[in-house]
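Input: a single structure, listed below in C-alpha cells.
Chains as they are written, first to last, in our numbering: chain A, 66 to 327; chain B, 4 to 278.
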C-alpha cells in the first residue's frame, strides 16, 4: 500500500514536469530541424545556429531585450531600494497608501497596464520606441524589488546604523558598511526577478513599443502568422540552455558551500 | 536623527513621483478615456458597449474559459503541492526547476509549441493515426485555449498553495491523527481549511491573467474564438478607438477590483486568525 502510494506520487510529479517541459523540449528539437516547416523532420542540422548571427533583425531584437532587462532591473533596484528606506520610515497611513500603489502593477491585468501606458504616451505625445518600453518595464519591475527588499530592510536592527553614526561615520558610509551588506541578498533576488520579468514580458511591451522597435517577444508575435523563423528557435534554445547550466552551477556551488559550513 | 529622517524622505521622492506619473496617472487616463467620447464630452456609451452582443459574447467566453482553467489549475496544483510538501527534501531547487526555469524560454514560443502538439498533423494526432485511430480536432478549440491558460498560469496556483501547505505545523496534523481522525478527515477538516488562504490567493492570481489574455486565444484559438482581451487589443492596435477600448478595459477593472477585495479580505481574516 505504502509503496503504491509512493509510486503514484512520483508518477504524478513526473507528469506535471513533463507537462511543463514538453513544449520546451519540442522547441529545442525544432531548432535542429533541417526542414523549415514545423510538422516535418527534415534531418539534423546546426545551420540555424550559424545563420542566426547573420540575421540582423534577430540580433537587434535580442540586444534590445537584454538591454531593456539590464537597464530596467538596475534602475528599478536603485529606485526601489531608495523607496524602501523612505517608505519604512513613513507613518502607518502613508506607508499603507504607498504599498497599496506599489501593489497596483502586480494586481492589475497586464493588458490594462499596457493600454494605460499607451494612453499616457499618446496624450503626452511621446514618441513610442525604446524609451517608452524602458519606462514601462521599470514601472512594473520596481514592485518586485520593493516587495523583496522591504521585509529584509524592516528586519534590520536600526541601532547598528545609529552606532556607526555615533562613531563618526557619515550617513552614506554607515549605510554602505552596515545596512547594504544585510539587505544585499534581498536586493539581488529582487533584481533577478525584475530581470526575468522584463525578459519574459510581451503584453506591456506590445502596447508601448510602437512601430520600429522590436524585442524578442514582439518579434515572435509578429512572426506567428507567417511561421516563426528557425533561427528564433536556435536563439531561444541557446538562451534557455545557458541559463539552465548557470543555475545548475550556482546550485552546485551553493550546495558544496553549505556542506562545508556543516 | 532628525537629519537621517529627512534624508530618508528625500530618498523616497523619485519613486513617489515615479509611482504618481506612471502608475496612478495612466490609470486615471483609462478612466478618463473610458468615460468620454472622441470630442472629450462625458459619455457612458463606451462602458455600455459591453452589452453589444459581440462584446458580451467575448466577455462571457473569457469568463467561462478562465473559470474552467482556474478550476483545472487548482485540481492539478493541490495534489502536486501536497506531494511536494510531504517529500520535503526536494523543495526549493525543485520548485525553481518546475516554475521559474521554464520562464527562460519565451512564453509566446512555449504557447506556440502547443500548436505542434495539438494541430491536425501534430504529435498527438500522428500518434493516434499510427495506432489506427481517428485524428481528433484539438487545435483552435475552446479546449486548446483552456490548455494554454492552464499551461501558462499553473505556476501562479502552485506557489501560494505550496507556501500555505508548507507553513502548516506538522504537530497539528499529528494531533489530528492521534485523536483518531482518518486521513480523509485530516485532509478535509485540518489540512484543507488551513491551506484555504493559499488556495484563494492562487485562484485570484490565475483568474485575472486568464480572463484578460489575448495571446493564448490568438495563438491556440486560431483567431476564431475572441475573448474580451482580443477585443480590447484590437480596439487599441487595429481600430484605434481608444475611448471604446478604455471603456471595455473599465469593465475588466471591475473584475480586477473585486478580485483584489477578495484577496485583501482573506488576508485580513488570516491575520485575525493568527492573533
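Backbone N, C-alpha and C fix where the C-beta goes; we use that ideal spot for every residue, glycine too.
Proximity of residue i and residue j at Cβ, strictly below 9 angstroms
i, j, result
"residue 284/A", "residue 303/A", "no"
"residue 84/B", "residue 157/B", "no"
"residue 209/A", "residue 145/A", "yes"
"residue 171/B", "residue 197/B", "yes"
"residue 269/A", "residue 178/A", "yes"
"residue 101/B", "residue 82/A", "yes"
"residue 167/A", "residue 25/B", "no"
"residue 320/A", "residue 101/A", "no"
"residue 27/B", "residue 253/B", "no"
"residue 246/B", "residue 55/B", "no"
"residue 93/A", "residue 306/A", "yes"
"residue 119/B", "residue 91/A", "yes"
"residue 266/A", "residue 175/A", "yes"
"residue 275/A", "residue 165/A", "no"
"residue 184/A", "residue 36/B", "yes"
"residue 18/B", "residue 148/A", "yes"
"residue 251/B", "residue 53/B", "yes"
"residue 22/B", "residue 150/A", "no"
"residue 201/B", "residue 168/B", "yes"
"residue 115/B", "residue 289/A", "yes"
"residue 88/A", "residue 117/B", "yes"
"residue 106/A", "residue 295/A", "no"
"residue 189/B", "residue 203/B", "no"
"residue 236/A", "residue 164/B", "no"
"residue 258/B", "residue 211/B", "yes"
"residue 202/A", "residue 263/A", "yes"
"residue 193/B", "residue 179/B", "yes"
Distance between beta carbons of residue j and residue i, contact taken as under 8 angstroms
i, j, result
"residue 104/B", "residue 312/A", "7 angstroms"
"residue 111/B", "residue 286/A", "6 angstroms"
"residue 198/A", "residue 273/A", "5 angstroms"
"residue 139/A", "residue 252/A", "With a Cβ gap of about 11 angstroms, residue 139/A and residue 252/A do not count as contacting."
"residue 72/B", "residue 149/B", "5 angstroms"
"residue 80/B", "residue 152/B", "Between residue 152/B and residue 80/B the Cβ distance is about 13 angstroms, and since that is not below 8 angstroms, they are no contact."
"residue 121/B", "residue 131/B", "Incorrect: roughly 12 angstroms between the Cβ atoms, too far for contact."
"residue 239/B", "residue 248/B", "5 angstroms"
"residue 235/B", "residue 180/A", "7 angstroms"
"residue 262/B", "residue 207/B", "5 angstroms"
"residue 214/A", "residue 255/A", "6 angstroms"
"residue 248/A", "residue 217/A", "5 angstroms"
"residue 142/B", "residue 78/B", "Actually they are not in contact, since the Cβ atoms of residue 142/B and residue 78/B sit about 23 angstroms apart, beyond 8 angstroms."
Identified DSSP bridge partners for residue i
i, result
"residue 130/B", "According to DSSP, residue 130/B bridges with nothing at all."
"residue 2/B", "Nothing can be reported for residue 2/B: it is not among the residues displayed for chain B, which extend from 4 to 278."
Simplified DSSP state of residue i, which is helix, strand or coil
i, result
"residue 98/A", "strand"
"residue 307/A", "helix"
"residue 111/A", "coil"
"residue 235/A", "coil"
"residue 54/B", "helix"
"residue 138/B", "coil"
"residue 103/A", "coil"
"residue 185/B", "coil"
"residue 278/A", "coil"
"residue 23/B", "helix"
"residue 321/A", "helix"
"residue 266/A", "coil"
"residue 170/B", "helix"
"residue 258/A", "helix"
"residue 124/B", "coil"
"residue 278/B", "Low confidence applies here, because residue 278/B scores a pLDDT of 41, under 50, leaving its location unreliable; read the following figure in that light. Reduced to three states, the DSSP call for residue 278/B is coil."
"residue 31/B", "helix"
"residue 242/A", "helix"
"residue 145/B", "helix"
"residue 108/B", "coil"
"residue 13/B", "helix"
"residue 291/A", "coil"
Cβ-heavy atom distance, residue i to the ligand ZN, below 8 angstroms
i, result
"residue 62/B", "Among the ligands in the structure shown, none appear at all, so the ligand ZN cannot be discussed."
Query raised in the report: Unbroken alpha helix (DSSP H) runs of length 4 or more, entirely within the segment 207-270 of chain B: which are they?
Result: 218-223 and 231-240
Requested in this report: Run through the segment 146-223 of chain A for me and flag every whole alpha helix (DSSP H) of 4 or more residues, listed as ranges in chain order.
Outcome: 157-172, 175-188 and 195-219
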